[in-house]
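Enquirer: Plus 31 on top of the position in the sequence shown (first one is 1) and you've got this note's numbering. Ideal Cβ placement from N, Cα and C applies to all residues, glycine included. This structure is a prediction, so every number in the text was calculated from the model and none was measured. Shown below is the structure under consideration.
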Amino acid sequence: MLEQIRQSIEQAQMVLVGIGTEFAVKEEAQEDPFFTELAKTAQTDPAAAALLAFHKSQKKVGGCEKEQVQKAYEVLADLLKDKNYFVISLCEDGLLEQAGLKENRILTPAKEGEEETDSGVYPTDSWETYTKWLQGTLNRNLVILELGVGMELPQLIRFPFEKVAYFNQKSCLYRVHSHLYQMTEEIKERGYSVPMHPVTLLLEEK
């Protein structure tokens, strides 16, 4: 499937990418007082060190390993190389930029206090850049690539992407998700449901 996506992108004039929470990096939970004291004792006590390692493994929240996400983003950057693209992401870890994707072509949910739009709270300049870019996709050969996008903020990625695909008859939509890969009936003929974790998909050639 990755090769099919690659070929579609090569033939496209423009590429719209949505990054969802399946790309979230696994992080350690905040330390509690017990955890802090255990860390101090572990410096001199092997048993405490072993217990500390166990607690760290248990206090991981859901997500992917950072190294996997970085490699997946590098593959994505290679797919988008020399293309006219825009990326909308629900992940604010900065790994997209580190992979070589252009910062002015990435939109992420804004931090608290920035201006609010009908779809949520986003940096004003980035939102305006995105909407202007999106207007230019009409009647263009457009590939829409949803990667790990669930229902956390469907008004930002999922529903608008379906609308773009519906009105642009020259577009195709790839929806890649472990569980929520289903395609709406209206765009089924130009849509591809990929029941797969997006990081796994991008790394399938590795």
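Which two residues bound the contiguous alpha helix (DSSP H) that contains ILE40?
Expert: Working through the sequence shown from its first residue, we reach residue 40 at position 9. Note, ILE40: alpha helix (DSSP H), 33-42.
Enquirer: Kindly indicate which three-state DSSP category PRO185 falls into: helix, strand or coil?
Expert: If you number the sequence shown from 1, residue 185 lands on position 154. Coil.
Enquirer: What do you reckon, are the CB atoms on ILE119 and GLY181 nearer than 7 Å?
Expert: To locate residue 119, count along the sequence shown from 1; it is residue 88. To locate residue 181, count along the sequence shown from 1; it is residue 150. Against a cut-off of 7 Å, the Cβ pair of GLY181 and ILE119 comes out as no contact.
Enquirer: Between which two residues does the beta strand (DSSP E) containing TYR212 stretch?
Expert: For the purposes of this step, residue 212 is identified with residue 181 of the sequence shown, where counting begins at 1. Taken as a continuous stretch (DSSP letters only), TYR212 belongs to no beta strand (DSSP E), as it is neither H nor E.
Enquirer: Under three-state DSSP, which class holds ARG206?
Expert: Counting from one through the sequence shown, the residue named residue 206 turns up at place 175. Correct three-state label for ARG206: strand.
Enquirer: Could you give the DSSP three-state label for LEU233: helix, strand or coil?
Expert: Against the sequence shown, residue 233 aligns to sequence position 202. In the structure shown, LEU233 sits in a helix (DSSP, three-state: H, G or I).
Enquirer: Below 7 Å CB to CB, which residues in the same chain sit around THR215 once its five sequence neighbours on both sides are set aside?
Expert: Counted from its first residue, the sequence shown places residue 215 at position 184. Cβ neighbours of THR215 beyond the five flanking positions: GLU193.
Enquirer: Using only the alpha-carbon positions, how far apart do LYS201 and ALA80 sit?
Expert: The residue given as residue 201 occupies position 170 in the sequence shown. The residue given as residue 80 occupies position 49 in the sequence shown. Going from the Cα of LYS201 to the Cα of ALA80 covers about 59 Å.
Enquirer: Pull up the DSSP beta-bridge partners for PRO226, would you.
Expert: Position 195 of the sequence shown, counted from the start, is the residue given in the question as residue 226. Looking at the DSSP assignment, PRO226 forms a beta bridge with HIS208.
Enquirer: Helix, strand or coil: which one does DSSP assign to ASN115?
Expert: Mapped onto the sequence shown, residue 115 falls at position 84. Strand.
Enquirer: Thinking C-beta only, is GLU183 closer than 7 Å to THR52?
Expert: As a working note, residue 52 is residue 21 in the sequence shown. As a working note, residue 183 is residue 152 in the sequence shown. Result yes, Cβ atoms of THR52 and GLU183 sit closer than 7 Å.
Enquirer: Tell whether a beta-carbon distance below 7 Å holds between MET45 and ARG171.
Expert: Walking along the sequence shown from the start, residue 45 turns up at place 14. Walking along the sequence shown from the start, residue 171 turns up at place 140. Yes, Cβ-Cβ distance for MET45 and ARG171 is below 7 Å.
Enquirer: Using alpha carbons as the reference points, say which of GLN166, ALA103, ALA108 lies closest to PHE54.
Expert: The residue labelled residue 54 in the question sits at position 23 within the sequence shown. Per the Cα distances, ALA103.
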